[in-house]
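Report on one structure; see the data block that follows.
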Amino acid sequence: MSNLKSVFNYTVLTIVSIVSVFPFFWMVVSATNKSVEVTKGRLLPGNHFMENFRNLLDSTNLVNALMNSAKIAIITTLLAMLVSSLAGYGFEVFKSKTKDFVFNFLLLSMMIPFAALMVPLFRMFGTISQIFPGIGIDTMTAVILPTVTTAFLIFFFRQSTKMFPKEIIEAGRIDGLSEWGIFFKLYVPTMKTTYAAAAIITFMSSWNSYLWPLVILQSPENQTVPLLISNLGSSYSPDFGMIMTAIVIATLPTALIFFFMQKHFVAGMLGSVK
Amino acid sequence: MIPPAKANLDLIIKTDRNINQKHRIKNTIIGWSFVILATIMICTFYFYPMARALILSLQSGSGTNLTFVGLRNYARLFSDPTFLITVKNTVIYLIIQVPIMIILALFLAVLLNNPKLKLRGFFRTAIFLPCVTSLVAYSVIFKYLFSQDGLINVMLMKFSLISEPINWLADPFWAKVTIIIALTWRWTGYNMIFYLSALQNIDHSIYEAAKIDGASPVQQFFKITIPLLKPMILFTSITSTIGTLQLFDEVMNITQGGPGNATMTISQYIYNLSFKYTPDFGYAATVSYAIVIMIVFFSIIQFKVAGDKNE
Numbered sequence: 001m002s003n004l005k006s007v008f009n010y011t012v013l014t015i016v017s018i019v020s021v022f023p024f025f026w027m028v029v030s031a032t033n034k035s036v037e038v039t040k041g042r043l044l045p046g047n048h049f050m051e052n053f054r055n056l057l058d059s060t061n062l063v064n065a066l067m068n069s070a071k072i073a074i075i076t077t078l079l080a081m082l083v084s085s086l087a088g089y090g091f092e093v094f095k096s097k098t099k100d101f102v103f104n105f106l107l108l109s110m111m112i113p114f115a116a117l118m119v120p121l122f123r124m125f126g127t128i129s130q131i132f133p134g135i136g137i138d139t140m141t142a143v144i145l146p147t148v149t150t151a152f153l154i155f156f157f158r159q160s161t162k163m164f165p166k167e168i169i170e171a172g173r174i175d176g177l178s179e180w181g182i183f184f185k186l187y188v189p190t191m192k193t194t195y196a197a198a199a200i201i202t203f204m205s206s207w208n209s210y211l212w213p214l215v216i217l218q219s220p221e222n223q224t225v226p227l228l229i230s231n232l233g234s235s236y237s238p239d240f241g242m243i244m245t246a247i248v249i250a251t252l253p254t255a256l257i258f259f260f261m262q263k264h265f266v267a268g269m270l271g272s273v274k
Numbered sequence: 001m002i003p004p005a006k007a008n009l010d011l012i013i014k015t016d017r018n019i020n021q022k023h024r025i026k027n028t029i030i031g032w033s034f035v036i037l038a039t040i041m042i043c044t045f046y047f048y049p050m051a052r053a054l055i056l057s058l059q060s061g062s063g064t065n066l067t068f069v070g071l072r073n074y075a076r077l078f079s080d081p082t083f084l085i086t087v088k089n090t091v092i093y094l095i096i097q098v099p100i101m102i103i104l105a106l107f108l109a110v111l112l113n114n115p116k117l118k119l120r121g122f123f124r125t126a127i128f129l130p131c132v133t134s135l136v137a138y139s140v141i142f143k144y145l146f147s148q149d150g151l152i153n154v155m156l157m158k159f160s161l162i163s164e165p166i167n168w169l170a171d172p173f174w175a176k177v178t179i180i181i182a183l184t185w186r187w188t189g190y191n192m193i194f195y196l197s198a199l200q201n202i203d204h205s206i207y208e209a210a211k212i213d214g215a216s217p218v219q220q221f222f223k224i225t226i227p228l229l230k231p232m233i234l235f236t237s238i239t240s241t242i243g244t245l246q247l248f249d250e251v252m253n254i255t256q257g258g259p260g261n262a263t264m265t266i267s268q269y270i271y272n273l274s275f276k277y278t279p280d281f282g283y284a285a286t287v288s289y290a291i292v293i294m295i296v297f298f299s300i301i302q303f304k305v306a307g308d309k310n311e
């Protein structure tokens, strides 16, 4: 009886695992095959990866898109860490009734769907364009700014700050450190794992973001990786091998981060509810 | 005449109060300086645009030529067939996909929580893996997997499950099914991780005690596991609901909203109204308020449902 049950469990888990992994497997295998072989449903690795890769480099501006995405994701992550951890720390350490109210008010922004912000934000950056062309529509700044601060990250840092020993803050004050000194010299180094988890989540969502870049970026030289892939995917005579190669390359950074930092990644996701 | 000692004490209290007050003001300034940047950013990029959208939703016209039309945009919503279709599509995704995904995630989490299970780490990683892909990348993969001559049809025919290829993306019904399958593939593992972490926080002795009292595994699941996981189920169903109501990347890249408007979501309609058709920012803002209202509506329902069961 219990044997039967465990056979059932393993069967279910194996099937679900295969279904979960299969699209990855197919993507990697297809990246090594010619387009015709992909359409024929070949499931064995071939030796056309370099050819697909060269086609990709020749027909798209992949390197440029990778650079743009990297630049946006890195700057967004750095700014987000600074702004959100300052706020999370501030809301927890310098509590007051007004600050609690402000904090709760900021949390409301989590309920606002991006689709509702898209049009007014686009118009806002349109107005900015007329005064400061460098930070308006079709600029990296416009992609980065609205996504830097999220209530989720502030909440995440506030929750984590609860775990930061208050004695360290007191000790810092007695030793004559300023409040900023306490934050930068004591808090930041102590909370390394919190920062790691938050940075992974932010980097991934910035690297993968699609709708806002699609709206705000217009010139081809500003294209990011998701925009490039979306364009490849909607072509009329798709070169499947090449497209799969592009998707593999686009997925590589986030997949590597996931494998090397799996623990932090999961911790980051769960941070919001613990 | 005040005795000298008391005068002294008064002075001390007074200066103390002064220092205290100075200290308090200084503390208030420092406290706010930590949180002010984030507060300004959220107000600038969330609340201000929301307020602008409200004004915008009372205007109409193409591009930047906008005039006030009062509530006409809101009246237009109810007679706009495309809007009504996108609402219907979005609600279909919501009421079919979210429950399927949550039940599946819960089921898998319970299986994986068995401490005697071998290869737990492997299964967990495999099932969670879809979460590392970008929405665009996986959408493009699914688009090709489910195309008329795609691998899914080839395999289904090979195993004689179907006699002729299903036109997944060009049939209104199957196109929706494809979107639902894609969403379930991408997000089940994500939700499962939440349940798994909640399950691991449940003290195992509760189950031991239930077993001694003669509770069957099914009873244990419904009488212990489900009630203890209720906050997590509420959390995941609200985040999934909000996510589904904002659905855009997948539909845009798998079906482009087609065939016809059969898979189009509200978010995509807003995008089309603003950037694809002749731009009508006013009406687009009105439609976006429809999503806000739906999110609030569904969240309240979920809180109510979860709250009632608590009593």
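Chain order of the listed sequences is A and B.
UniProt numbering puts the first residue of the first sequence at 1, with every later residue one more than the last.
UniProt numbering puts the first residue of the second sequence at 1, with every later residue one more than the last.
Even for Gly, the Cβ is constructed at its ideal location relative to N, Cα and C.
Owing to the predicted nature of the structure, the values given are computational and were not obtained by experimental measurement.
Excluding five sequence neighbours on each side, which residues of the same chain lie with their C-beta closer than 7 Å to the C-beta of I224 (chain B)?
I206, Y207 and A210
Please name the residues in the segment 244-273 of chain B whose beta-carbon is closer than 8 Å to at least one beta-carbon of chain A, in chain order.
L245, Q246, F248, D249, M252, N253, Q256, I266, S267, I270 and Y271
Buried or exposed for R124 (chain B), please, with buried defined as at least 16 other CB atoms from any protein chain shown within 10 angstroms of its CB.
buried
If we cut at 8 Å on Cβ distances, does G214 (chain B) have a partner in chain A?
G214 (chain B) does not count as touching chain A.
By Cβ distance below 8 Å, which residues in the same chain neighbour P113 (chain A) in space, the five residues on each side in sequence not counted?
Once the five neighbours on either side are set aside, P113 (chain A) has no close Cβ partner at all.
Using 8 Å as the threshold, is the C-beta distance between M252 (chain B) and I85 (chain B) below it?
no
Consider the Cβ of N27 (chain B): report whether some Cβ of chain A lies at a distance smaller than 8 Å.
yes
Say whether the segment 119-139 of chain A touches the segment 174-185 of chain A, bearing in mind that this needs 3 or more beta-carbon pairs closer than 8 Å, one atom from each stretch.
no
Tell me the residue span of the alpha helix (DSSP H) that contains T254 (chain A).
For T254 (chain A), the uninterrupted alpha helix (DSSP H) segment begins and ends at F240 to F260.
Within 8 Å (strictly less), CB to CB, does I216 (chain A) reach chain B?
Chain B contact via Cβ: absent.
Taking only beta-carbon atoms, is K99 (chain A) less than 8 Å away from chain B?
yes
Listed in chain order, which residues of the segment 185-219 of chain A have Cβ atoms closer than 9 Å to some Cβ of chain B?
M204, W207, N208, S209, Y210, L211, L214 and V215
Leaving aside the five residues before and after S17 (chain A) along the sequence, list all residues of the same chain whose C-beta is less than 6 Å from its C-beta, in chain order.
none
For F68 (chain B), write down the residues that DSSP places opposite it in a beta bridge.
B:Q59
I want to verify the contact list: residues of chain B whose CB lies under 8 Å from the CB of N9 (chain A), in sequence order.
L111, N114 and L117
Against T254 (chain A), what residues of chain B qualify as contacts under a CB-to-CB distance less than 8 Å, listed in chain order?
V132, T133 and S134
Closer than 8 Å, CB to CB, is I30 (chain B) near chain A or not?
yes
Whole angstroms are fine: how far does the CA of M192 (chain B) sit from the CA of V266 (chain A)?
11 Å
Closest to Y258 (chain A) by CA distance: which of B:V287, B:V132, B:F221 and B:Y138 is it?
For the sequence presented, residue 258 (chain A) should be read as Phe rather than Tyr. Nearest C-alpha to F258 (chain A): B:V132.
Closest Cβ-Cβ distance between Y89 (chain A) and chain B: below 8 Å?
yes
Any Cβ of chain B within less than 8 Å of the Cβ of V16 (chain A)?
yes
Rounded to a whole number of angstroms, what is the C-alpha to C-alpha distance between I242 (chain B) and L228 (chain A)?
27 Å
Please decide whether H264 (chain A) counts as near chain B, where near means a Cβ-Cβ distance under 8 Å.
The beta-carbon of H264 (chain A) is placed no less than 8 Å from the nearest beta-carbon of chain B.
Kindly indicate which residue of A:P213, A:R54 and A:L108 has the alpha-carbon position closest to the one of M118 (chain A).
Cα-wise, what sits closest to M118 (chain A) is A:P213.
To the nearest angstrom, how far is the alpha carbon of F47 (chain B) from that of T28 (chain B)?
24 Å
Should A65 (chain A) go down as buried or exposed, given a rule of 16 or more other Cβ atoms within 10 Å for buried?
buried
Where does A170 (chain B) sit, in a helix, a strand or coil, going by DSSP?
coil
Determine the direct distance from the alpha carbon of S209 (chain A) to that of A199 (chain A), and round the result to whole angstroms.
15 Å
Identify the contact partners of F24 (chain A) in chain E, using a Cβ-Cβ distance below 7 Å as the criterion.
Given the protein chain composition of this structure (A and B), no chain E is represented.
Quick check on DSSP: helix, strand or coil for Q256 (chain B)?
coil
Looking at the secondary structure, which residues open and close the alpha helix (DSSP H) in which I135 (chain A) lies?
Element bounds for I135 (chain A): n/a, residue is neither H nor E.
When burial is assigned at 16 or more other CB atoms within 10 Å of the CB, is Y195 (chain B) buried or exposed?
buried
Return the residue from the list B:I162, B:P81 and B:F298 that minimises the CA-CA distance to S240 (chain B).
B:F298
Does A284 (chain B) come within less than 8 Å of chain A when only Cβ atoms are used?
yes
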